[in-house]
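Engineer:
Numbering (our numbering), first residue to last: 1348 to 1519.
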């Protein structure tokens, strides 16, 4: 069942990101695959670097800003509620703010975007805890970085999360 949920989440992420007019990257944890759900003609593929989630995001942002991108967004692949419109709103928010963040209901975030690289956002955070979003906001305030907050969305981290999402879909 977990594999089926994971595959559904990946397909959802492909469907929404293909609608966004930007360069699309996939960062792989365990080696790049050319025969998967991410079409090679749409997605640029890279390997992740880093021991934990924070280090991997740090390196992804660093890599893309070194390639002269002016705006970079990272999204998770675990959020059925994320839409192409939300991603587009995030890009638009970066016209007026240095950072955009989409908080998840569990205390993390499903999206983080920047106009320039802020390495301190990945330091001193206990990743995969309910304190990630609040700690990130504290760092932004401490460094006087302007940010825009997107709506809170639910992500899928557990089978209970999946069951709650599935119940909402059935009820609607």
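Positions of the beta carbon are idealized from the N, C-alpha and C atoms, including for glycine.
Determine the burial state of residue 1408: buried for a count of at least 16 other Cβ atoms within 10 Å of its Cβ, exposed for fewer.
Structural biologist: buried
Engineer: Alpha carbon to alpha carbon, how far is residue 1502 from residue 1413?
Structural biologist: 30 Å
Engineer: Would you please state the rounded distance, in angstroms, between the beta carbons of residue 1449 and residue 1458? I believe it to be under 8 Å.
Structural biologist: 4 Å
Engineer: How many angstroms separate the CA atom of residue 1420 from the CA atom of residue 1493?
Structural biologist: 16 Å
Engineer: If contact is defined by three or more beta carbon pairs under 8 Å, each pair taking one atom from either stretch, is the stretch 1384 to 1399 in contact with the stretch 1358 to 1375?
Structural biologist: yes
Engineer: According to DSSP, is residue 1487 helix, strand or coil?
Structural biologist: helix
Engineer: I'd like the span of the alpha helix (DSSP H) that includes residue 1421, first residue to last.
Structural biologist: Counting along the chain, residue 1421 falls outside any alpha helix (DSSP H), though it belongs to the beta strand (DSSP E) covering 1419 to 1422.
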